[in-house]
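Q:
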Amino acid sequence: MSKASELANLIGNINAGGGGVNRNVIINGAMNVAQKGTSHTGLGGSTGAVYTLDRWHTYDSATAGRATVTQDSSAPSGFANSLKVDCTTADTSIAAGEIFLLAQRIEGQNLQAFAKGTSDAKPFTLSFYAKANASKTYVAELYDVDNSRHVGKTFTVGTSWARHEITFPADTTGAFGDDNARSLDVSIWLHGGSTFTGGTLGTTWQAEDADDRAAGIGSFFDSTSNTFFITGVQLEVGQNPTEFEHEPISQTEIKCFRYTQRLPHRDNSSGSGYANITTMGRNDGTTLHTGGIMLPVVMRTDATMTSSGSFRVHHPSAATAVTGLAIDDNFSTAGNLGINATVSSGLTAGHGSQLEQNNDPDAHILLSAEL
Amino acid sequence: MNIKEAKYIKNPENRTCGIKVTLEDNRILQVPRSLENSDYAEILKQVKAGTLTIKAAD
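Residue numbers (my numbering), protein chains in the order written: chain A, 3 to 373; chain B, 4 to 61.
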């Protein structure tokens with residue numbers, strides 16, 4: 003894109019109510035943040051949504067095919083990372099209800115600038131870089147969760163990195179809720195059965211009609227040779243695509259922390275494997291540590307907690323291995339976590355204590371407030 | 004979300020403090036009772052559909 007074209011597009015979008023900084027409503031579009039890990043295997047089947055790189059999930063239903071998602075260093079000029087989908091098990095007998103797609107869900111309060119559902123509704127422009135092992139056609143779709151409406155367009159990916167720019171029309175029907183709930187799914191349909199491909203692709207906004215959602219796509223699962231790479235994803239107000247809005251990694255991380263936080267946020271720099279999890283707590287009996295964690299970024303809502311690895315309660319003069327961790331939602335909010343850690347014995351009620359890794363640098367708690 | 008078991012958990016004050024969910028792949032989630040939490044919303048959806056019962060805490 004020439005500088006003159008870029009400037010004209012940006013001015014056009016500003017005049018349409020978009021443009022400027024923070025114009026990209028996609029988070030982690032450059033695929034730089036991966037708190038849940040850089041490799042996610044066995045995707046497919048009937049699991050539903052599985053989160054991979056931050057904010058990005060696959061959604062599957064009834065597939066025999068399987069895939070792996072990784073953060074990959076292959077990327078177009080100006081990017082360091084991409085999200086790679088790799089077919090590991092083929093599925094050439096496609097049942098009607100099969101789905102496999104890559105998507106990001108967006109809160110309604112981040113979408114108000116599109117003025118959807120009003121007479122001033124604005125167009126949506128989606129742009130991204132993609133490549134694959136071979137030429138294949140997929141569908142990029144916007145799905146309005148609040149009003150069960152959708153619009154999609156096909157794009158054909160080739161074997162070299164190419165930028166795809168897709169403008170979807172404005173929709174004067176159905177407003178996005180101005181809240182923290184899921185309002186819009188931005189999806190790349192990679193595979194679908196006839197329930198979703200049997201109609202005519204809805205290229206203007208329409209009420210949900212399942213077989214119009216992914217008509218015209220090829221199947222990502224037709225060969226274990228198949229790969230799909232994507233990065234530089236941007237969704238903005240206006241009819242014109244603008245250059246991807248690069249941002250500092252600190253800003254991307256803060257945006258991601260609203261939905262996912264891994265504690266500790268970083269590995270201990272000394273590698274000792276004793277990083278703090280809770281920094282304030284007390285022994286509430288001989289077998290229980292009760293602690294709190296003030297989160298650096300308020301999350302979308304109270305978070306679900308999972309844990310992995312070995313932990314210990316560090317109390318005066320000793321440390322005792324943890325046998326169980328539990329959330330306490332009576333003391334949790336979107337901005338802090340109440341946590342109870344159980345040990346077999348040895349604590350003194352009323353003593354101060356803290357929860358930390360137990361000689362395990364990979365031990366962590368994962369908080370999820372995803373949509 | 005393919006749930007194998009959902010069970011209330013209690014804190015030291017014997018108050019319910021969340022739901023322990025075991026998924027089919029044996030991953031364990033600790034879910035807060037917040038209607039805005041998508042995992043809790045899914046649990047309530049399955050309970051309403053009659054396909055899931057949340058067990059009492061131990």
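Think of the CB as a built atom: it goes at the ideal place given N, C-alpha and C, for glycine as much as any other residue.
Which residue comes first and which comes last in the alpha helix (DSSP H) that contains alanine 132(A)?
A: As a first step, residue 132(A) must be located in the first sequence, where it is residue number 130. Segment 126-134 is the beta strand (DSSP E) holding alanine 132(A); no alpha helix (DSSP H) there.
Q: Tell me the rounded alpha-carbon separation between arginine 107(A) and phenylalanine 116(A).
A: Sequence index remark: in the first sequence, residue 107(A) carries index 105 (1-based). Sequence index remark: in the first sequence, residue 116(A) carries index 114 (1-based). Answer to the nearest angstrom: the Cα atoms are 16 Å apart.
Q: Determine, for isoleucine 219(A), whether the minimum Cβ-Cβ distance to residues of chain B falls below 8 Å.
A: Residue 219(A) sits at position 217 when you count from the first residue of the first sequence. Judged by the 8 Å Cβ criterion, isoleucine 219(A) is not in contact with chain B.
Q: What are the start and end residues of each continuous alpha helix (DSSP H) run of 4 or more residues lying completely inside the segment 197-276 of chain A, in chain order?
A: Runs of the alpha helix (DSSP H) inside the segment 197-276 of chain A: 251-259.
Q: Looking at glycine 218(A): is its Cβ nearer than 8 Å to the Cβ of threonine 139(A)?
A: For the purposes of this step, residue 218(A) is taken as residue 216 along the first sequence, with counting starting at 1. For the purposes of this step, residue 139(A) is taken as residue 137 along the first sequence, with counting starting at 1. Result yes, Cβ atoms of glycine 218(A) and threonine 139(A) sit closer than 8 Å.
Q: What residues are listed by DSSP as bridge partners for histidine 152(A)?
A: As a first step, residue 152(A) must be located in the first sequence, where it is residue number 150. Per DSSP, Tyr145(A) and Gln208(A).
Q: What residues in its chain sit with their C-beta under 8 Å from that of threonine 308(A), if we drop five residues either side in the sequence?
A: Along the first sequence, read from residue 1 onward, the residue named residue 308(A) stands at position 306. Here the set comprises Ile367, Leu368 and Ser370.
Q: Roughly how far, in whole angstroms, is the beta-carbon of threonine 280(A) from the beta-carbon of leucine 357(A), given that I think they are within contact range, below 8 Å?
A: As a first step, residue 280(A) must be located in the first sequence, where it is residue number 278. As a first step, residue 357(A) must be located in the first sequence, where it is residue number 355. Going by Cβ atoms, the distance from threonine 280(A) to leucine 357(A) rounds to 4 Å, so yes, they are a contact pair.
Q: Please decide whether threonine 90(A) counts as near chain B, where near means a Cβ-Cβ distance under 8 Å.
A: Locating residue 90(A) in the first sequence gives position 88, counting from the first residue. Chain B, which has no Cβ nearer than 8 Å to the Cβ of threonine 90(A), makes this no.
Q: Assuming alanine 32(A) contacts threonine 244(A) under a Cβ cut-off of 8 Å, what Cβ separation, rounded to an integer in Å, is found between them?
A: As a working mapping, residue 32(A) is identified with position 30 in the first sequence. As a working mapping, residue 244(A) is identified with position 242 in the first sequence. Wrong, their Cβ atoms sit about 15 Å apart, outside the cutoff.
Q: In angstroms with no decimal places, state the Cα-to-Cα distance between glycine 194(A) and alanine 216(A).
A: For the purposes of this step, residue 194(A) is identified with residue 192 of the first sequence, where counting begins at 1. For the purposes of this step, residue 216(A) is identified with residue 214 of the first sequence, where counting begins at 1. Roughly 7 Å separates the two Cα atoms.
Q: Just verifying my parser: in three-state terms, what is the DSSP assignment at isoleucine 28(A)?
A: Position 26 of the first sequence, counting from 1, holds the residue named residue 28(A). Coil, per DSSP.
Q: Kindly say whether glutamate 39(B), judged by its beta-carbon, lies nearer than 8 Å to any beta-carbon of chain A.
A: As a position in the second sequence, residue 39(B) is number 36, starting the count at 1. Output row for glutamate 39(B): interface = yes.
Q: Do isoleucine 374(A) and aspartate 62(A) have their C-beta atoms closer together than 8 Å?
A: Residue 374(A) cannot be examined here, being either before or after the span of chain A that is shown, 3 to 373.
Q: Just to make sure I have the definition right: I need the residues of chain A whose C-beta is within less than 7 Å of the C-beta of leucine 32(B). Which are they?
A: Within the second sequence, residue 32(B) is the residue found at index 29, counting from 1. Within chain A, the residues near leucine 32(B) are Thr306 and Thr308.
Q: With C-beta atoms as the reference, is threonine 54(A) less than 8 Å away from lysine 38(A)?
A: Locating residue 54(A) in the first sequence gives position 52, where the first residue counts as 1. Locating residue 38(A) in the first sequence gives position 36, where the first residue counts as 1. Result yes, Cβ atoms of threonine 54(A) and lysine 38(A) sit closer than 8 Å.
Q: Would you mind working out which of Lys58(B), Pro35(B) and Met4(B) sits nearest isoleucine 329(A), comparing C-alpha positions?
A: For this step, residue 329(A) is matched to residue 327 along the first sequence. Taking only the C-alpha atoms, the option nearest isoleucine 329(A) is Pro35(B).
Q: Could you tell me if serine 48(A) is buried or exposed, where buried requires 16 or more neighbouring beta carbons within 10 angstroms of its beta carbon?
A: On the first sequence, residue 48(A) is found 46 positions in, with the first residue counted as 1. So serine 48(A) ends up on the exposed side.
Q: Counting only C-beta atoms, is leucine 373(A) closer than 8 Å to chain B at any point?
A: Numbered from its first residue, the first sequence carries residue 373(A) at position 371. Yes, leucine 373(A) lies at the interface with chain B (some Cβ there is under 8 Å from its Cβ).
Q: In this structure, how does DSSP classify leucine 47(B) when only helix, strand and coil are distinguished?
A: Mapped onto the second sequence, residue 47(B) falls at position 44. DSSP places leucine 47(B) in helix when its eight states are reduced to three.
Q: Output needed for serine 162(A): all residues of its chain with C-beta closer than 7 Å, excluding positions within five of it in sequence on either side, in chain order.
A: Numbered from its first residue, the first sequence carries residue 162(A) at position 160. Around serine 162(A): Lys133.
Q: What number of angstroms, rounded off, separates the C-alpha of threonine 199(A) from the C-alpha of leucine 192(A)?
A: Counting from 1 along the first sequence, the entry for residue 199(A) is found at position 197. Counting from 1 along the first sequence, the entry for residue 192(A) is found at position 190. Rounded to whole angstroms, threonine 199(A) to leucine 192(A) spans 11 Å at the Cα level.
Q: Any C-beta of chain B within less than 7 Å: which residues of the segment 312-335 of chain A qualify?
A: Listed by position, the residues of the segment 312-335 of chain A near chain B (Cβ gap below 7 Å) are Ala328, Ile329, Asp330, Asp331, Asn332 and Ser334.
Q: Which residues in chain B have a C-beta closer than 9 Å to the C-beta of threonine 292(A)? List them in chain order.
A: What you label residue 292(A) is simply residue 290 of the first sequence in a count that begins at 1. The contacting residues are Asn14 and Pro15.
Q: How should aspartate 122(A) be labelled, buried or exposed, when 16 other C-beta atoms within 10 angstroms of its C-beta is the threshold for buried?
A: The residue given as residue 122(A) occupies position 120 in the first sequence. Exposed: under 16 other Cβ atoms inside 10 Å.
Q: In three-state terms, what does DSSP make of phenylalanine 178(A)?
A: On the first sequence, position 176 is the one that residue 178(A) refers to. Three-state result, phenylalanine 178(A): coil.
Q: For alanine 51(A), collect the residues of the same chain with a Cβ closer than 6 Å to its Cβ; drop the 5 residues on either side in sequence, then sort them by chain order.
A: In the first sequence, the residue the question calls residue 51(A) occupies position 49. Result list for alanine 51(A): His59 and Tyr61, in chain order.
Q: Taking Cβ positions only, does aspartate 61(B) come closer than 8 Å to chain A?
A: Taking the first residue of the second sequence as position 1, residue 61(B) is located at position 58. Not closer than 8 Å to any Cβ of chain A, the Cβ of aspartate 61(B) fails to qualify, so no.
Q: If you draw a straight line from the C-alpha of alanine 60(B) to the C-alpha of aspartate 180(A), how long is it?
A: Counting from 1 along the second sequence, the entry for residue 60(B) is found at position 57. Counting from 1 along the first sequence, the entry for residue 180(A) is found at position 178. So the alpha carbons of these two residues sit roughly 37 Å apart.
Q: Measure from the alpha carbon of proline 78(A) to the alpha carbon of each residue in Ala365(A), Arg165(A), Val345(A) and Val315(A), then state which is nearest.
A: Start at 1 with the first residue of the first sequence, and residue 78(A) comes out as number 76. Out of Ala365(A), Arg165(A), Val345(A) and Val315(A), Arg165(A) has the C-alpha closest to the C-alpha of proline 78(A).
Q: Quick one: using the 10 Å Cβ neighbour count with 16 as the cut-off for buried, is alanine 82(A) buried or exposed?
A: Indexing the first sequence from 1 puts residue 82(A) at position 80. So alanine 82(A) ends up on the exposed side.
Q: At the level of alpha carbons, what is the spacing between glutamate 8(A) and leucine 373(A)?
A: Taking the first residue of the first sequence as 1, we reach residue 8(A) at position 6. Taking the first residue of the first sequence as 1, we reach residue 373(A) at position 371. Roughly 33 Å between the two C-alpha positions.
Q: Should histidine 267(A) go down as buried or exposed, given a rule of 16 or more other Cβ atoms within 10 Å for buried?
A: The sequence position of residue 267(A) within the first sequence is 265, counting from 1. When all chains shown are included, histidine 267(A) counts as exposed.
Q: Is the Cβ-Cβ distance between asparagine 149(A) and valine 27(A) less than 8 Å?
A: On the first sequence, position 147 is the one that residue 149(A) refers to. On the first sequence, position 25 is the one that residue 27(A) refers to. No. Outside cutoff.
Q: Any Cβ of chain A within less than 8 Å of the Cβ of asparagine 5(B)?
A: Position 2 of the second sequence, counted from the start, is the residue given in the question as residue 5(B). Cβ-Cβ to chain A under 8 Å: yes for asparagine 5(B).
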